[in-house]
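Presented below is the structure to which this report refers.
Protein chains in written order, with this note's numbering: chain A, 627 to 872; chain B, 627 to 872.
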């Protein structure tokens, strides 16, 4: 992987790509996850590879939603584990939520490697999918979750796209906070709060917002949530994507 | 990989993704190639996943350029081999051009697996990179090519992005025909002809155009090439990408 020359105009994007490729080599990211990462790269490129005001508004509402939750859970997939493990752990501590491993293409060995990776990055507890608790509306093996985690959660943070699961959770009455670079996706459109940004920028921002709002009153947090308009955020993000920055 | 349900709204796109993942499992596609495929998926999605008039114009000019060439060569990378091996072979026969294996992240075993794969798909001859011939302007191991292939070619068909190589070949005075879903890329902007389309649709179209133009006079082919405006094609493609279709 080390053969990307520094003279390459897309050096930083290529280094992040190296990190996700390393995730595959460690057994935590799936091959399909690499393709999904590529989709994100293209969209991020069109957005100018920076955090826009619509993403800041969403990150603030997301932090408020997670802080107000009674049983928040942070779902982790193979891409999030490869790219932002330490920030996921920090966010879990900031909003008092456990991490739960939940991947698209089921693999016990990958689930175990992810758990190990998250523990190495400072996680106190990592919940695993079980056969004891199932979500409705999902027609394949992504339905299995932990009985004390996503199964009982009122707010689930899903840091990368999974349209089916987001839709299923919403139908079951849960609030879902997502990070998704595609403002047109089902994930973004069905989510309670969609942060349209690269996960490597969105996670540190979300941790910062959670720290800043840690001492806010519940009334103030409810106000932030009530004023948040996800449809407007997605419309702004789509306009930016279409208008372009280069 | 067989766990994508038919009910999934992006079933066809997911099946193509399965083909590229199979390419990795066969040892012909690189992990970085999977990420590149994902970038293409996102751009194709924004373009409505269909072949637009600007791509048809480019495919016609591309076929004319290849038919007029004295020494055309078709460069094949790991993604093209996984997705369109049979069509690359057909195109080679239609325009009387050899295939040459030329990959971004060097790997002898991958080069050999690609060669085998192309021969299995009907190729008569597959040129391999050697240490005997080098391109100018490339600062790493992508400079090595075959002395009777790309090294001497006047027209090189590069079916998937590689901005550095495209630029180097153009600086060396060669004509380069590319397929690239990103109309803003250096590849597309430095190419002689850029077909902005998914390679799985562009290759069959290009083969068809080559067959249709096979009996055209050189004068007619030169006319087609002279009238082609790559900058206009890219402007139309960008407008379509920005405007969107969904």
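Where a beta carbon is used, it is the ideal one built from N, C-alpha and C, also for glycine.
This one's a predicted model, so the numbers in the text were calculated from it and none came from an experiment.
The beta-carbon of residue 678 of chain B is placed no less than 7 Å from the nearest beta-carbon of chain A. Closest in alpha carbon position to residue 655 of chain A, among A/845, A/737, A/863, is A/737. Annotated three-state conformation of residue 654 of chain A is coil, per DSSP.
One alpha carbon belongs to residue 749 of chain B, the other to residue 692 of chain B, and they sit about 18 Å apart.
Residue 796 of chain A has a beta carbon lying at 7 Å or more from every beta carbon in chain B. Interface residue (Cβ-Cβ distance to chain A less than 7 Å): residue 868 of chain B is classified as such. Only those residues of the segment 661-673 of chain B whose C-beta falls short of 9 Å from the nearest C-beta of chain A are listed: 661, 662, 663, 664, 665, 666, 667, 668, 669, 671, 672.
With contacts defined as CB atoms closer than 7 Å, residue 804 of chain A and residue 779 of chain A fail to qualify as a contacting pair. By the rule that beta-carbons nearer than 7 Å mark a contact, residue 657 of chain B touches chain A.
DSSP lists B/700, B/803 as the beta-bridge partner residues of residue 783 of chain B. About 25 Å separates the beta carbon of residue 667 of chain B from that of residue 727 of chain A, a gap too long to meet the 8 Å contact definition. Interface with chain A (7 Å Cβ-Cβ cutoff): residue 643 of chain B is included. Bounds of the alpha helix (DSSP H) holding residue 859 of chain B are 856-869.
As a beta-bridge residue in DSSP terms, residue 725 of chain B pairs with B/700, B/752. Put simply, the CB of residue 650 of chain A is near chain B, with a gap under 7 Å to one of its CB atoms. In the DSSP assignment, residue 851 of chain A falls within the alpha helix (DSSP H) that extends over 844-853. In the structure shown, residue 822 of chain B adopts coil according to DSSP, grouped into three states.
Short of 7 Å from the beta carbon of residue 754 of chain B, and not among the five residues preceding or following it, lie these beta carbons of its own chain, in chain order: 727, 737, 741, 772. Listed by position along chain A, the residues whose Cβ is nearer than 8 Å to that of residue 647 of chain B are 657, 658, 661. With distances taken between CA atoms, residue 850 of chain A lies nearest to A/694 out of A/734, A/782, A/694, A/652. For residue 760 of chain A, the three-state secondary structure derived from DSSP is strand.
In the structure shown, residue 730 of chain A falls within a coil segment according to DSSP collapsed to helix, strand and coil. The beta carbon of residue 867 of chain A lies closer than 8 Å to those of 669, 672, 673, 809 in the same chain, with the five residues before and after it left out. By the C-beta criterion, the segment 826-833 of chain B is judged to be in contact with the segment 713-729 of chain B, since at least 3 inter-stretch pairs fall below 8 Å. Separation of residue 698 of chain B and residue 698 of chain A (C-alpha to C-alpha, rounded to the nearest whole angstrom) is 60 Å.
A distance of 7 Å or more separates the beta carbons of residue 642 of chain B and residue 827 of chain B.
Comparing alpha-carbon positions, the option among A/841, A/689, A/839 lying closest to residue 785 of chain A turns out to be A/689. Taking residue 800 of chain B as reference, the option from B/811, B/807, B/816 with the minimal CA-CA separation is B/816.
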